[in-house]
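Worksheet: the structure to be examined is printed underneath.
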Amino acid sequence: AQTVTQSQPEMSVQEAETVTLSCTYDTSENNYYLFWYKQPPSRQMILVIRQEAYKQQNATENRFSVNFQKAAKSFSLKISDSQLGDTAMYFCAFSKAAGNKLTFGGGTRVLVKP
Amino acid sequence: GAVVSQHPSWVICKSGTSVKIECRSLDFQATTMFWYRQFPKQSLMLMATSNEGSKATYEQGVEKDKFLINHASLTLSTLTVTSAHPEDSSFYICSARGPWVLGAGSYEQYFGPGTRLTVT
Numbered sequence: 052a053q054t055v056t057q058s059q060p061e062m063s064v065q066e067a068e069t070v071t072l073s074c075t076y077d078t079s080e081n082n083y084y085l086f087w088y089k090q091p092p093s094r095q096m097i098l099v100i101r102q103e104a105y106k107q108q109n110a111t112e113n114r115f116s117v118n119f120q121k122a123a124k125s126f127s128l129k130i131s132d133s134q135l136g137d138t139a140m141y142f143c144a145f146s147k148a149a150g151n152k153l154t155f156g157g158g159t160r161v162l163v164k165p
Numbered sequence: 029g030a031v032v033s034q035h036p037s038w039v040i041c042k043s044g045t046s047v048k049i050e051c052r053s054l055d056f057q058a059t060t061m062f063w064y065r066q067f068p069k070q071s072l073m074l075m076a077t078s079n080e081g082s083k084a085t086y087e088q089g090v091e092k093d094k095f096l097i098n099h100a101s102l103t104l105s106t107l108t109v110t111s112a113h114p115e116d117s118s119f120y121i122c123s124a125r126g127p128w129v130l131g132a133g134s135y136e137q138y139f140g141p142g143t144r145l146t147v148t
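Here the protein sequences come in this chain order: P and W. In case it helps, this note's numbering puts the first sequence at residues 52 to 165. In case it helps, this note's numbering puts the second sequence at residues 29 to 148.
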């Protein structure tokens with residue numbers, strides 16, 4: 052079974068600064084997908100970024116980028132130029148295949164301060 | 029983009045009664061949907077995978093007789109919490125596997141807005 056671990060329960064960052072969220076996972080699969088989801092106070096899950104394990108290049112989406120270290124089974128999220136709207140819970144998630152069931156980490160609460 | 033709705037968004041029921049939660053894909057067909065449960069300030073835990081026209085696949089530890097899942101059409105899956113008790117109070121979220129996305133070379137998964145269940 053896969054496990055996903057987020058070691059930082061809560062992080063705060065000043066507006067316009069950068070914050071990095073950690074995620075480690077455990078799997079015996081060679082091909083898989085990793086995701087970062089944002090859950091704002093509305094509780095609607097929003098896909099932030101995803102990474103296919105077979106791709107060596109780290110995914111980026113505007114201010115969001117990941118550092119994917121397959122050998123270390125590490126998948127961190129960097130939020131650059133933090134905005135107040137980035138305040139939310141962030142979940143790291145694992146899936147064996149695209150569109151398949153997700154295994155979530157425990158989440159990291161991010162608070163962006165003005 | 030693809031939209032998934034859930035109904036109701038919030039329901040209060042008395043202990044011992046049953047409550048049904050609907051999950052609909054509004055603008056695409058979803059042969060596979062997933063049901064998650066989220067306790068306050070906790071993560072999402074997968075309860076079951078719902079496949080259109082077949083029985084749901086439940087995760088270990090989830091009581092299939094208590095959490096009945098029906099995926100009778102390509103756009104609707106329902107979760108019925110039978111004989112609800114206060115410990116069933118939680119936030120229930122569904123997601124649906126969308127169509128293959130050529131640009132991404134992958135399926136996308138779309139989440140509903142969730143249903144808050146309170147059992148008194």
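Backbone N, C-alpha and C define an ideal beta-carbon position, used for all residues, glycine too. For clarity, every value in this text was computed on a predicted model and none was experimentally measured.
Asked: Proximal residues to P/L98 (C-beta, below 7 Å), its chain only, five neighbours per side dropped; Found: F86, Y88
Asked: Beta carbon proximity, P/M62 to chain W, threshold 8 Å; Found: no
Asked: C-alpha gap between W/K83 and P/I100, whole angstroms; Found: 32 Å
Asked: For P/D77, the first and last residue of its enclosing beta strand (DSSP E); Found: 75–77
Asked: Chain W contact for P/A123 (CB, 8 Å cutoff); Found: no
Asked: Per-residue contacts from P/A149 into chain W (C-beta, under 7 Å); Found: S134, Y135
Asked: Short CB-CB distance (under 8 Å) between W/P114 and chain P; Found: no
Asked: Contacts that W/L74 makes with chain P (C-beta to C-beta distance below 9 Å); Found: K152, L153, T154, F155
Asked: Near-chain P residues of the stretch 80–97 of chain W - C-beta to any C-beta below 8 Å; Found: none
Asked: Residue nearest to W/F119 in terms of C-alpha spacing, selected from W/T60, W/E80, W/Q70; Found: W/Q70
Asked: Top-ranked residue by Cα proximity to W/G18, from W/T146, W/S33, W/H113; Found: Past the edges of chain W, shown from 29 to 148, lies residue 18 of chain W, and the structure says nothing about it.
Asked: Rounded C-alpha distance that separates P/E80 from W/R125; Found: 21 Å
Asked: Chain P within 8 Å of W/T77, Cβ atoms only; Found: yes
Asked: Spatial distance of W/Y135 from P/Y84 (CA atoms); Found: 11 Å
Asked: The stretch 133–147 of chain W in contact with the stretch 32–43 of chain W per 3-pair CB rule at 8 Å; Found: yes
Asked: Inter-residue Cα distance where the pair is P/A144 and P/E112; Found: 17 Å
Asked: Sequence-distant residues of the same chain with beta carbon closer than 6 Å to W/L104, five excluded per side; Found: R52
Asked: Whether P/R114 touches P/M140 by CB criterion (8 Å); Found: no
Asked: Cross-chain neighbours of W/F139 in chain P, by beta carbon under 9 Å; Found: Y88, Q95, M96, I97, L98
Asked: Bridge partner(s) assigned by DSSP for P/S58; Found: None; P/S58 has no bridge partner.
Asked: Neighbouring residues, chain P, relative to W/R52 (Cβ below 9 Å); Found: Within 9 Å Cβ-Cβ: nothing; W/R52 doesn't reach chain P, min ~15 Å.
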